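**Student:** Numbering (my numbering), first residue to last: -10 to 256. The C-beta atom is built at its ideal place from N, Cα and C for all residues, glycine as well. Because the structure is a prediction, the values reported are computed rather than measured.
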């Protein structure tokens, strides 16, 4: 029986972390030891958000008033205050590129991945259809509810058509499984993939820096995005906001708590 999946699964797998020992040595070597000691006393977390702050402070040597840059008359203390000013007020988005996050997305249709890979500042690794026979994969079907609900009969007809196409693919894939010659198997598999419906689900790994993720979210959380990729964007922002709240202080949510945009957009 061919299963139908209504929701892609989005999992945060990896993110930027700091080697605090190496960072402390660099700060001390460059005369910023007093600033480092002050941050520890204030209880600041040395995570990816702090790394972005330090990268930004290095641009202007803003580790103290008049200590390293005589032009400075004041400095902002604390990662939250600094990022609010530098990124969200002054729009210095380039420093956000120093922090990255990696997701794996399962049960996502080729329809959505074709949209996803258009975000060229992100990096992708997707299952091959040339080397992999997709037997037993579910269909990804999420009605475009933001554009109006489908009539149940139309939905049944659409899902039924995809199931029939996939069923023919599965029948023909048995020929490949019975072929002993590896070169012929590859040729047959490559030919078979041309008849796969785009609704078949796969898995895809996606990595990107925070600036690239904000650009993706600013576009794909909005009402003009197709519903499946909006579901992916919501899964991404929910986890990034929890992991890096200082990078995503501007998430806009509807009355039901669903993310629908970024107030500050991308920069």
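Within its chain, find whatever has a CB closer than 7 Å to the CB of residue 179; leave out the 5 residues flanking it on each side and keep chain order.
**Tutor:** Against the chain shown, residue 179 aligns to sequence position 190. Same-chain partners within the cutoff: 119.
**Student:** My guess is that residue 105 and residue 218 are in contact by the Cβ rule of under 8 Å, so how many angstroms apart are they, rounded?
**Tutor:** Counting from 1 along the chain shown, the entry for residue 105 is found at position 116. Counting from 1 along the chain shown, the entry for residue 218 is found at position 229. So it is a contact: roughly 6 Å between Cβ atoms.
**Student:** When the Cβ atoms of the region 183 to 199 are set against those of the region 81 to 88, are three or more pairs found closer than 8 Å?
**Tutor:** Segments in contact, yes.
**Student:** Buried or exposed: which applies to residue 210, given that a residue is buried once 16 or more other Cβ atoms fall within 10 Å of its Cβ?
**Tutor:** Counting from one through the chain shown, the residue named residue 210 turns up at place 221. Result: buried.
**Student:** Beta strand (DSSP E) containing residue 91: first to last residue?
**Tutor:** Numbered from its first residue, the chain shown carries residue 91 at position 102. It spans 89 to 98 - the beta strand (DSSP E) in which residue 91 sits, taken as one unbroken run.
**Student:** Identify whether residue 173 lies in helix, strand or coil by the three-state DSSP scheme.
**Tutor:** As a first step, residue 173 is located in the chain shown; it is residue number 184 there, counting from the start. Of the three classes helix, strand and coil, the one that applies to residue 173 here is helix, per DSSP.
**Student:** What residue does the alpha helix (DSSP H) around residue 23 start on, and which one ends it?
**Tutor:** Sequence index remark: in the chain shown, residue 23 carries index 34 (1-based). Its alpha helix (DSSP H) spans residues 22 to 30.
**Student:** Assuming residue 69 is part of the alpha helix (DSSP H), what are its boundary residues?
**Tutor:** The sequence position of residue 69 within the chain shown is 80, counting from 1. From DSSP, the alpha helix (DSSP H) with residue 69 extends over 68 to 72.
**Student:** Please determine, among 247, 212, 186, 93, the residue with the shortest C-alpha to C-alpha distance to residue 194.
**Tutor:** As a first step, residue 194 must be located in the chain shown, where it is residue number 205. Of 247, 212, 186, 93, the residue nearest in Cα terms is 93.
**Student:** Looking at residue 220: is its Cβ nearer than 9 Å to the Cβ of residue 250?
**Tutor:** Translated into the one-based positions of the chain shown, residue 220 becomes position 231. Translated into the one-based positions of the chain shown, residue 250 becomes position 261. Contact flag unset, no.
**Student:** Going by DSSP, name the residue or residues bridged to residue -6.
**Tutor:** Taking the first residue of the chain shown as 1, we reach residue -6 at position 5. Answer is 129, bridged to residue -6.
**Student:** Return yes when the Cβ of residue 63 is within less than 9 Å of the Cβ of residue 74, no when it is not.
**Tutor:** Here the question's residue 74 lines up with position 85 in the chain shown. Here the question's residue 63 lines up with position 74 in the chain shown. In this structure, residue 63 does not lie closer than 9 Å to residue 74 by Cβ.
**Student:** Are the CB atoms of residue 6 and residue 34 nearer to each other than 9 Å?
**Tutor:** As a working note, residue 6 is residue 17 in the chain shown. As a working note, residue 34 is residue 45 in the chain shown. No, these two residues do not count as a Cβ contact at 9 Å.
**Student:** Just tell me which of 0, 205, 38 has its CA closest to the CA of residue 109.
**Tutor:** In the chain shown, counting from the first residue as 1, residue 109 sits at position 120. Closest by alpha carbon: 205.
**Student:** Within the same chain, show all residues whose beta-carbon is closer than 8 Å to that of residue 122, passing over the 5 residues directly before and after it, in chain order.
**Tutor:** Here residue 122 is taken as the residue at index 133 of the chain shown, counted from 1. Counting only Cβ-Cβ distances below 8 Å, and skipping sequence neighbours, we find 162, 165, 166, 178, 181.
**Student:** Excluding the 5 residues preceding and the 5 following residue 81 in the sequence, name in chain order all residues of the same chain whose CB lies nearer than 6 Å to its CB.
**Tutor:** Stepping through the chain shown from its first residue, residue 81 is reached at position 92. Cβ within range, chain order: 75.
**Student:** Under 9 Å between the Cβ atoms of residue 224 and residue -7?
**Tutor:** For the purposes of this step, residue 224 is identified with residue 235 of the chain shown, where counting begins at 1. For the purposes of this step, residue -7 is identified with residue 4 of the chain shown, where counting begins at 1. Against a cut-off of 9 Å, the Cβ pair of residue -7 and residue 224 comes out as no contact.
**Student:** Run the CB neighbour count on residue 49, radius 10 Å, all protein chains shown included, and call it buried at 16 or more, exposed below.
**Tutor:** As a working note, residue 49 is residue 60 in the chain shown. That one is exposed.
**Student:** Helix, strand or coil, according to DSSP, for residue 248 in the structure here?
**Tutor:** Looking up residue 248 in the chain shown gives position 259. Residue 248 falls in the strand class under three-state DSSP.
**Student:** Less than 8 Å between C-beta atoms, sequence neighbours within five positions excluded: which residues of the same chain meet that for residue 69?
**Tutor:** Position 80 of the chain shown holds residue 69. Closer than 8 Å at Cβ, skipping near neighbours: 235.
**Student:** Out of 55, 9, 145, 124, point me to the one whose CA is closest to residue 130's CA.
**Tutor:** Residue mapping note: residue 130 aligns to position 141 of the chain shown, counting from 1. It is 145 whose Cα lies nearest to the Cα of residue 130.
**Student:** Is the beta carbon of residue 90 closer than 9 Å to that of residue 232?
**Tutor:** Taking the first residue of the chain shown as position 1, residue 232 is located at position 243. Taking the first residue of the chain shown as position 1, residue 90 is located at position 101. For residue 232 and residue 90, yes; Cβs fall inside 9 Å.
**Student:** Determine the direct distance from the alpha carbon of residue 248 to that of residue 39, and round the result to whole angstroms.
**Tutor:** One-based indexing of the chain shown puts residue 39 at position 50. One-based indexing of the chain shown puts residue 248 at position 259. Whole-angstrom Cα-Cα distance: 25 Å.
**Student:** Output the boundary residues of the alpha helix (DSSP H) element that contains residue 54.
**Tutor:** Translated into the one-based positions of the chain shown, residue 54 becomes position 65. Per DSSP, residue 54 belongs to no alpha helix (DSSP H) and is neither H nor E.
**Student:** Can you look up residue 12 in the DSSP assignment and give me helix, strand or coil?
**Tutor:** For this step, residue 12 is matched to residue 23 along the chain shown. If DSSP states are grouped into helix, strand and coil, residue 12 belongs with the helices.
**Student:** Can you tell me the Cβ-Cβ gap for residue 23 and residue 57, rounded? I've got them flagged as a contact below 8 Å.
**Tutor:** Here the question's residue 23 lines up with position 34 in the chain shown. Here the question's residue 57 lines up with position 68 in the chain shown. The Cβ separation is near 10 Å, so there is no contact.
**Student:** If you draw a straight line from the alpha carbon of residue 238 to that of residue 227, how long is it in whole angstroms?
**Tutor:** The residue given as residue 238 occupies position 249 in the chain shown. The residue given as residue 227 occupies position 238 in the chain shown. If I take the Cα positions, the gap works out to 12 Å.
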